[in-house]
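Top to bottom, those sequences are chains A and B. So the first sequence is numbered by this note's numbering: it starts at 842 and just counts up by one. So the second sequence is numbered by this note's numbering: it starts at 842 and just counts up by one. First the structure, in the form of structure tokens, and then the observations on it.
There are 2 protein chains.
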Amino acid sequence: MATTETLTAERILEATEEVLRRHGPAKATVVDVARALGVSHGSVYRHFRTKAALREAVTMRWLDRTTGTLSGIVTEEDRDPEDRLREWFSALFAAKRRKAGDDPELFATYSVLAGENGEAVGRHLAELTGQLTEIVRAGVDAGVFTTTDPATTARALFHATGRFHDPVYAPEWEQPGIDAEFEAVMGLVLRGLRA
Amino acid sequence: MATTETLTAERILEATEEVLRRHGPAKATVVDVARALGVSHGSVYRHFRTKAALREAVTMRWLDRTTGTLSGIVTEEDRDPEDRLREWFSALFAAKRRKAGDDPELFATYSVLAGENGEAVGRHLAELTGQLTEIVRAGVDAGVFTTTDPATTARALFHATGRFHDPVYAPEWEQPGIDAEFEAVMGLVLRGLRA
DNA sequence: CAGATGACAGATATTGAAATCTGTCATCTG
DNA sequence: CAGATGACAGATTTCAATATCTGTCATCTG
């Protein structure tokens, strides 16, 4: 039993992830989390003001894992911006597809959480389009991309590729032609971006 | 009372639309439809083998209304293909946005029906991308578009603009910046299409 | 006295019995 | 006899009683 360890926000978040994995988003309760930790539910409320706040914290944790993976590509400043852009989207698509394919139930659980926490998702999307903006700006500086406003273009790129990263399309990521579709859309928008 | 009129598939479909409008997708029953028509539910089953078949027929009817509006733009063969392409998407977006905005409940109802009838939706999307393919092909023939395969490019265009016609994004169609977003995406893909 | 507890009120979810619905078909009617 | 009917069996939904959960807080403990 780990009941003697100090109760931290981190331990509560880990337990919450486990409870969500086991019970799903509808049946995961604060009482379950407390039970899993061997404490009373009142103690959980000492670290998170509401159940919603707890779920939001778990959601942000999950979203930030993706952001971290991609930031590496952004900072490879000596590579061709078009390559980086293509690889950034490939990596995003691959990461999403792997998560959705490996454990569909957990992915569905986090999709529900994302739906509940529009604000956290908004911040996440802002961070992703921020990364994109950096690559676009690098391309413009290098003279290989044309655009009046890198930030607007970055958002347009993100919207145009939604089919390959928005969780609502997850069921279609397993279909056979999907890679060709990805190539076709990427080819189109990259062509539209070139100087 | 219209009880003396002959019971036709058409009249049943109209009654079904009305029942769906009133009760929503979850509570609309075959018995309700029969009641609305003043007949027994057995009579409805004479025209539609199952409730699912009835709902699919209503769904197709609804989807075909959109397709009809757009086909006019496709056949304006003396206009610049890029203008037609832009106008086709504008019309699609405007039609969807109007439907979603004017009667959100009814739109939600038909979104549920669409989700139930993947096959009918698939045929509808095939028809829409078919219309797009015609415009793209006209552009290639006129020498203003470049592409190896008009059909693939048409699907890429459709996917890239999903944010502005896929019903899952309906809640965002009322947000202030949406027209600018539409312009940004259209500008990007049209630029990628030009010869 | 910082941190944990569990009793509590009001909100939400579960459950199982009763009501309704779906789809069939033998029968009726014009 | 073509077309409508409504009784019926099995599936699904509704509803109200019951249980559980959320969030608070006075109390306890090391």
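Note that CB positions come from ideal geometry on N, CA and C, so glycine has one too.
C-alpha gap between residue i and residue j, whole angstroms
i, j, result
"Thr910/A", "Ala898/A", "19 Å"
"Arg896/A", "Thr847/B", "57 Å"
"Thr994/A", "Thr907/A", "22 Å"
"Val1009/B", "Val1009/A", "8 Å"
"Gln1016/A", "Leu998/A", "23 Å"
"Leu861/B", "Leu947/B", "8 Å"
"Trp1014/B", "Ala936/B", "12 Å"
"Thr855/A", "Thr870/B", "First, the amino acid is wrong: residue 855/A is Glu here, not Thr. The straight-line gap from Cα to Cα measures roughly 45 Å."
"Ala949/B", "Lys940/B", "10 Å"
"Glu1022/B", "Pro866/B", "32 Å"
"Thr987/B", "Thr987/A", "19 Å"
"Met1027/A", "Ala1025/B", "16 Å"
"Ala1001/B", "Ala850/B", "38 Å"
"Val953/B", "Val962/A", "24 Å"
"Ala932/B", "Glu917/B", "14 Å"
"Ala894/A", "Gly984/A", "45 Å"
"Val977/A", "Glu928/B", "28 Å"
"Ser912/B", "Met901/B", "16 Å"
"His965/B", "Ile1019/B", "25 Å"
"Asp990/B", "Ile914/A", "31 Å"
"Asn958/A", "Tyr951/B", "26 Å"
"Glu859/A", "Leu878/A", "11 Å"
"Leu973/B", "Leu973/A", "29 Å"
Per-residue contacts from residue i into chain B (C-beta, under 7 Å)
i, result
"Thr993/A", "Ala1025"
"Glu960/A", "By Cβ distance, chain B contributes nothing, its closest Cβ being about 15 Å from Glu960/A, past 7 Å."
Three-state class that DSSP yields for residue i in the structure shown
i, result
"Arg964/B", "helix"
"Arg906/B", "helix"
"Arg1035/B", "strand"
"Val880/A", "coil"
"Asp919/A", "coil"
"Gly1018/A", "coil"
"Arg887/A", "helix"
"Glu975/A", "helix"
"Thr830/B", "In the structure displayed, chain B extends from 842 to 1036; residue 830/B sits before or after that span and is not available."
"Glu846/A", "coil"
Residue i - containing alpha helix (DSSP H), residue span
i, result
"Gly984/B", "Where Gly984/B is concerned, there is no enclosing alpha helix (DSSP H), given that its DSSP letter is neither H nor E."
"Trp929/A", "922-943"
"Glu858/B", "850-868"
"Asp1007/A", "Asp1007/A -> no alpha helix (DSSP H), and no H or E assigned at all."
Buried versus exposed, by CB contacts within 10 Å (16 or more), residue i
i, result
"Glu975/A", "buried"
"Asp1007/B", "buried"
"Arg1004/A", "buried"
"Arg996/B", "buried"
"His864/B", "exposed"
"Gly980/B", "buried"
"Pro922/B", "buried"
"Gly1033/B", "buried"
"Arg925/A", "buried"
"Thr857/B", "buried"
"Arg890/B", "exposed"
"Asp944/A", "exposed"
"Pro1012/B", "exposed"
"Arg887/A", "exposed"
"Arg1035/A", "exposed"
"Arg938/B", "buried"
"Thr970/B", "buried"
"Val872/A", "exposed"
"Ala967/A", "exposed"
"Met842/B", "Any answer about Met842/B is weak, because its pLDDT of 37 lies below 50 and its placement is not dependable; what the coordinates show is given next. Label assigned to Met842/B: exposed."
Within chain A, partners of residue i - CB distance below 7 Å
i, result
"Thr965/B", "Reading off the sequence shown, one finds His at residue 965/B, where the question assumed Thr. Going along chain A, no residue has its Cβ under 7 Å from His965/B, so there is no contact; the nearest lies around 16 Å."
"Arg1004/B", "His1000, Gly1003"
"Arg978/B", "By Cβ distance, chain A contributes nothing, its closest Cβ being about 16 Å from Arg978/B, past 7 Å."
"Val1009/B", "Val1009"
Partner residues on chain A for residue i, Cβ-Cβ distance less than 9 Å
i, result
"Glu1022/B", "Thr993, Arg996, Ala997, His1000"
Contacts of residue i in chain B (Cβ-Cβ under 8 Å)
i, result
"Val1030/A", "Ala1001, Leu1029, Val1030, Gly1033"
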